[in-house]
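Enquirer: Below are the structure tokens for one structure; questions will follow.
In the working numbering, the protein residues as written are 439 to 990.
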């Protein structure tokens, strides 16, 4: 706003005492001070309000005004409550330094002037920025393209807002690149913001969602893509996190931020369209693998896919397969939902920006999504070994907390991860391995579960797939006689059996653990064998007891 506009508002109680030729100066903010030297708090363009408590003698006016002029303030408004009329020495000092001077009547508070100036400045800044955003929207939708970083920089420079675009797991897609804006959020904080956003978004409440973390308030704006049902994109939509409380913002500023999210959504749609080729490659390879095509044909498709997914001089990449399924309320919404989700989460959370997502190709079939993840070969002295690949436990650490907030009580995400393979012959086995691992994850409790190939080596993971009626019959036949005996005689045969198996059948170690004499332990084991008709010296019977205890 201009200084001249202050005189057009009679309720502010301002009277011009000097500087009529400087009234076209731009006011960028307001500051109230009675410090003798406020220079450290001035950045230029302020309207300074003062009660004149700093003035003890006439010479003080020259020094005070000289400091304000050097700082580049827009003007000075002096209150009449302290000294009555504004002193002539202050008027003359302002004339010498060409600083516009106003007097403020006693019954008008500095707070009223401050509120008016801030409201006007914010409104004008928002209008100017809206025009810039509109121009940038046209640039981004044209052939030249663009990116959300430019708009975030404008939010920082024009509205003093720090903002970040985050994935649903908290990976930073974009942030302000201004040096003083701090472009990167700590990973833990970003993931918590993503989780808070998902928890609020799943309730259907319109954004922005306001949260306070570590004493700082953030406003979270959903970046929604048109034409999709909320559940189709809830777990894969980006969000705009702004370090500010939007609760008391005027409508103009809220409209501006919603316009920014629409701009970012355009960029998201552009990048989704760029995934078409990778999706088609993954779909072709998946169909070849599932139909049992000759390895040579699959290898030919892999040679086509490698340069697309791993640009540059890459030879003989290794591959991993990741399978995922999303359910809500017991219904599986289809592989397309899991496809969009995998394209967002199968990116190293430590990377910044959208480009790493171009290395993931995801297809979908039925109710599951299948990702083909390339691992560039790392040359060593003898052979090419794969770069460190995806591990289910690491993936779960990144996605469980934020995505679990979005799934809440009626949704589940299950993920299976294969081992790395280096040829077309290995892809069919990797696909089955990833699917088996996902079934293992599905048998576990929790909203977000993942299992990897390394876990399939344990026979314990086969237990969840035993039908419930078979499980009950098997455990009842072996363990019910022992439980009945324990209830009648308090003999503790079940704890003794567990300890005996845990000690690998060692009489001495088991007796020591149970604080029993070895003869007492032999008596209890004999009673177990008598009641069940089994022999605990035989491996088969030991294994049956072990499985029965695990399934009970």
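Just so it is clear, CB atoms sit at the ideal spot from N, CA and C, and this is done for glycine as well.
For the putative contact between residue 778 and residue 806, defined by C-beta atoms under 8 Å, what is the C-beta separation to the nearest angstrom?
Expert: The pair is not a contact, with the Cβ atoms about 13 Å apart (cut-off 8 Å).
Enquirer: In whole angstroms, what separates the C-alpha of residue 484 from that of residue 473?
Expert: Each residue's alpha carbon lies about 15 Å from the other.
Enquirer: Hey, out of 595, 984, 650, 540, whose CA is closest to residue 451's CA?
Expert: If we check each option's Cα against that of residue 451, 540 comes out closest.
Enquirer: My assumption, with CB atoms under 8 Å, is that residue 773 sits in contact with residue 802. Please give the rounded CB distance.
Expert: Indeed they touch by this definition, with Cβ atoms about 3 Å apart.
Enquirer: Could you compute how far the alpha carbon of residue 873 sits from the alpha carbon of residue 889?
Expert: Roughly 10 Å separates the two Cα atoms.
Enquirer: Who does residue 648 pair with in a DSSP beta bridge?
Expert: DSSP output for residue 648 lists 657 as bridge partner(s).
Enquirer: Using the Cβ count rule (16 or more neighbours within 10 Å means buried), how would you classify residue 944?
Expert: Answer is exposed; the Cβ neighbour count stays below 16.
Enquirer: Using the beta-carbon count (16 or more within 10 Å), is residue 735 buried or exposed?
Expert: Counting Cβ neighbours within 10 Å, residue 735 comes out exposed, since fewer than 16 surround it.
Enquirer: Measuring only the C-alpha atoms, how far is residue 686 from residue 859?
Expert: Their Cα atoms are separated by approximately 55 Å.
Enquirer: Spell out the partners DSSP gives residue 465 in its beta bridges.
Expert: Paired residues: none, contrary to the question.
Enquirer: Where residue 928 and residue 920 are concerned, what is the direct C-alpha to C-alpha distance, given to the nearest angstrom?
Expert: Cα to Cα, the separation comes out at about 11 Å.
Enquirer: Measure the C-alpha to C-alpha separation of residue 746 and residue 708 and round it to an integer number of angstroms.
Expert: Going from the Cα of residue 746 to the Cα of residue 708 covers about 18 Å.
Enquirer: Note the first and the last residue of the continuous alpha helix (DSSP H) segment covering residue 454.
Expert: Looking at the DSSP string, residue 454 is not in any alpha helix (DSSP H); the run it does join, the beta strand (DSSP E), is 452-456.
Enquirer: Consult DSSP for residue 782 and reduce its assignment to one of helix, strand or coil.
Expert: Here residue 782 sits in helix by DSSP.
Enquirer: Helix, strand or coil for residue 611 per DSSP?
Expert: The answer is strand: DSSP assigns residue 611 an E or B state.
Enquirer: Classify residue 486 as helix, strand or coil using the three-state DSSP reduction.
Expert: Reduced to three states, the DSSP call for residue 486 is strand.
Enquirer: Quickly, what does DSSP pair residue 812 with across the bridge? List them, please.
Expert: Paired residue(s): 757.
Enquirer: When the Cβ atoms of the region 708-728 are set against those of the region 620-639, are three or more pairs found closer than 8 Å?
Expert: No, because fewer than three Cβ pairs between the region 708-728 and the region 620-639 fall closer than 8 Å, the two stretches do not touch.
Enquirer: Nearest chain D C-beta to residue 966 closer than 9 Å, yes or no?
Expert: In summary, chain D is missing from the structure at hand, where a single protein chain is found.
Enquirer: Any idea what DSSP makes of residue 765, helix, strand or coil?
Expert: Strand.
Enquirer: Just the C-alpha distance for residue 481 and residue 465, rounded to the nearest angstrom, thanks.
Expert: Looking at the two C-alpha atoms, the distance is approximately 12 Å.
Enquirer: In angstroms with no decimal places, state the Cα-to-Cα distance between residue 968 and residue 922.
Expert: C-alpha separation (whole angstroms): 14 Å.
Enquirer: Assuming residue 878 and residue 837 make a contact with CB atoms under 8 Å, what is their CB distance in whole Å?
Expert: The Cβ separation is near 17 Å, so there is no contact.
Enquirer: For a test of the three-state rule: what should DSSP assign to residue 589, helix, strand or coil?
Expert: Looking at residue 589 - three-state DSSP - the assignment turns out to be helix.
Enquirer: Taking only three categories from DSSP, how would you classify residue 822?
Expert: Residue confidence for residue 822 is low, a pLDDT of 49 falling below 50, so the modelled location carries little weight; the figure read from the coordinates is stated next. It is a strand residue.
Enquirer: Candidates 493, 508, 706, 487: which alpha carbon is nearest residue 478's?
Expert: For the residues 493, 508, 706, 487, the minimum Cα distance to residue 478 belongs to 508.
Enquirer: If we call anything under 9 Å between Cβ atoms a contact, is residue 758 one with residue 856?
Expert: Going by C-beta atoms, residue 758 is nearer than 9 Å to residue 856.
Enquirer: Quick one: measure Cβ to Cβ for residue 678 and residue 702, integer angstroms, because I've assumed they're closer than 8 Å.
Expert: 6 Å between Cβ atoms; contact.
Enquirer: Can you tell me whether residue 676 is helix, strand or coil according to DSSP?
Expert: Note: residue 676 maps to strand in three-state DSSP.
Enquirer: Do the CB positions of residue 506 and residue 537 come within less than 9 Å of each other?
Expert: Yes, the pair counts as a contact, with Cβ atoms nearer than the cut-off.
Enquirer: If we call anything under 9 Å between Cβ atoms a contact, is residue 436 one with residue 468?
Expert: Past the edges of the chain, shown from 439 to 990, lies residue 436, and the structure says nothing about it.
Enquirer: Spatial neighbours of residue 959 within its chain, please: CB distance less than 8 Å, with the 5 preceding and 5 following residues excluded, ordered by chain position.
Expert: So the qualifying residues of the chain are 934, 938, 945, 948, 949, 952.
Enquirer: Indicate the three-state DSSP secondary structure (helix, strand or coil) for residue 617 in the structure shown.
Expert: Only weak support exists for where residue 617 lies, its pLDDT of 42 falling under 50; the value from the coordinates is given anyway. If DSSP states are grouped into helix, strand and coil, residue 617 belongs with coil.
Enquirer: On the DSSP letters alone, give me the boundaries of the alpha helix (DSSP H) that residue 948 sits inside.
Expert: Counting along the chain, the alpha helix (DSSP H) containing residue 948 begins and ends at 945-952.
Enquirer: Per DSSP, what kind of secondary structure is residue 828 in: helix, strand or coil?
Expert: DSSP places residue 828 in coil when its eight states are reduced to three.
Enquirer: Go ahead and pull the three-state DSSP assignment for residue 696.
Expert: Reduced to three states, the DSSP call for residue 696 is helix.
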